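Enquirer: The structure's right below; bear with me while I get my questions together.
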Amino acid sequence: MLLLVALLTASPAHEARALECAPLAGGAAPDIGAIVHRRGLLWRITAPDGAESTLLGTMHVADPRVNAVRDAARPRFDAADTFVMEVILDGETIAALQRAMFYAGDANLRETLGEALFERAAAAMRAYGLGPEIVARMKPWAVFLTLSQPAGQSGAALDLALMLDAQAAGKSVIGLETVAEQIGLFETLEEHEQIAFLREMACHHEVFQAEIEDMVERYAARDLAGLTELSLRHVAAHNQAFVDALLWQRNERMLERLVPVIDAGDAFIAVGALHLPGTRGLLQSLERDGYTVEMIY
């Protein structure tokens with residue numbers, strides 16, 4: 001959800017040698033259907049045969065206001081035998097992500113972006129502890145993805161904190177996706193699309209950092225509808241295909257892989273909160289398939 005606000009404002013461009021900072025466009029959120037479940041982060045999911053599991057909408061940041069949901073979720077988490085997350089964040093996964101973020105050959109981001117855009121992006125990356133010599137080896141999508149995160153955050157993001165708790169408790173840990181599937185969302189973007197996304201982020205980094213704060217506040221207030229509307233309000237026609245891949249197609253894949261886990265019961269499932277609402281979200285999809293969905297928190 002953090003990267004959607006920035007990602008979906010970018011207009012495709014085939015030439016990025018000169019830095020052009022167009023004003024950020026506002027707009028209405030796309031029609032994702034009625035958000036029936038407008039409030040809540042923690043949900044009881046009951047299978048037709050009565051087996052129960054828990055579904056938590058997370059936010060992928062290390063912020064005390066976000067991590068506070070762990071207290072509300074603790075009884076359900078402790079009772080679960082299995083912990084399920086989007087992708088298992090182990091050393092192998094992190095190493096694979098890091099490898100994918102850097103050019104393998106002689107390509108240089110400074111040459112790809114042009115001097116003006118590279119300097120703007122590199123200046124913003126200093127807040128993440130990355131100097132221009134490292135940034136020059138990174139792919140456009142990787143710099144964009146880094147800049148979409150809160151600068152200067154410390155500690156474990158909610159998903160990682162829950163995974164570590166689950167491992168310490170001896171629970172079975174399952175990933176709904178592979179790191180290759182997640183990386184593939186960005187690797188399949190044309191280079192000019194990656195550059196367009198990065199240009200918007202580099203030009204308006206301070207604005208997007210402020211909007212992360214707004215998202216955290218809505219998350220802490222358990223305002224699922226407001227969080228969704230804020231995250232998707234900049235979606236334009238040229239972004240629809242990527243939104244479909246980033247959210248809705250992944251929801252279908254997650255749902256297919258979740259069904260046997262939920263049918264077995266006693267699972268605690270944690271996925272990004274934007275995967276929950278709307279007609280193509282997990283909550284209403286589960287209800288259509290005969291599962292009972294009840295808000296706990």
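Taking this note's numbering, I'd label the letters of the sequence shown as residues 1 to 297.
For every residue, glycine included, the Cβ atom is placed at its ideal position computed from N, Cα and C.
Here the structure is a predicted model, which is why all the values come from computation and not from measurement.
Going by beta carbon distance, what residues of the same chain come within less than 6 Å of SER285, once the five residues before and after it are set aside?
Expert: The answer, listed in chain order, is LEU255.
Enquirer: Check whether the region 36 to 43 touches the region 118 to 136, counting contact only when three or more Cβ pairs, one atom from each stretch, lie closer than 8 Å.
Expert: Touching, no, given that fewer than three Cβ pairs across the two stretches are closer than 8 Å.
Enquirer: In angstroms, rounded to a whole number, what distance separates the CA positions of THR279 and GLY105?
Expert: Taking the straight line joining both Cα atoms gives about 43 Å.
Enquirer: I'd like to confirm the pairing. Which residues does DSSP put opposite TRP43 in its beta bridges?
Expert: Paired residue(s): LEU55 and MET295.
Enquirer: Under three-state DSSP, which class holds ILE94?
Expert: Of the three classes helix, strand and coil, the one that applies to ILE94 here is helix, per DSSP.
Enquirer: Taking a contact to mean a Cβ-Cβ separation below 9 Å, would you say ALA376 touches PHE242 in this structure?
Expert: An answer regarding residue 376 cannot be provided, because it is not within the stretch 1 to 297 covered by the chain.
Enquirer: Under three-state DSSP, which class holds THR279?
Expert: Coil at THR279, not helix or strand.
Enquirer: Specify, as a first and last residue, the run of the beta strand (DSSP E) that ILE269 falls within.
Expert: That run of the beta strand (DSSP E) goes 267 to 272.
Enquirer: Considering only residues of the region 193 to 253, which uninterrupted alpha helix (DSSP H) runs meet the minimum length of 4 residues and lie entirely inside it, listed in chain order?
Expert: As far as the region 193 to 253 is concerned, its whole alpha helix (DSSP H) runs of at least 4 residues are 205 to 220, 224 to 232 and 240 to 243.
Enquirer: My parser needs the alpha helix (DSSP H) runs of 4 or more residues fully inside the region 130 to 178; what are they?
Expert: The qualifying runs are 132 to 135, 140 to 147 and 158 to 168.
Enquirer: What is the residue span of the beta strand (DSSP E) that THR82 lies within?
Expert: Run containing THR82: 82 to 85, per the beta strand (DSSP E) assignment.
Enquirer: Go ahead and label ALA99 buried or exposed: buried means 16 or more other beta carbons lie within 10 angstroms of its beta carbon, across all protein chains shown.
Expert: The sequence given here places Arg at residue 99; Ala does not occur at that position. The residue is exposed, with fewer than 16 neighbouring Cβ atoms inside 10 Å.
Enquirer: What is the residue span of the alpha helix (DSSP H) that THR112 lies within?
Expert: THR112 -> alpha helix (DSSP H) spans 109 to 113.
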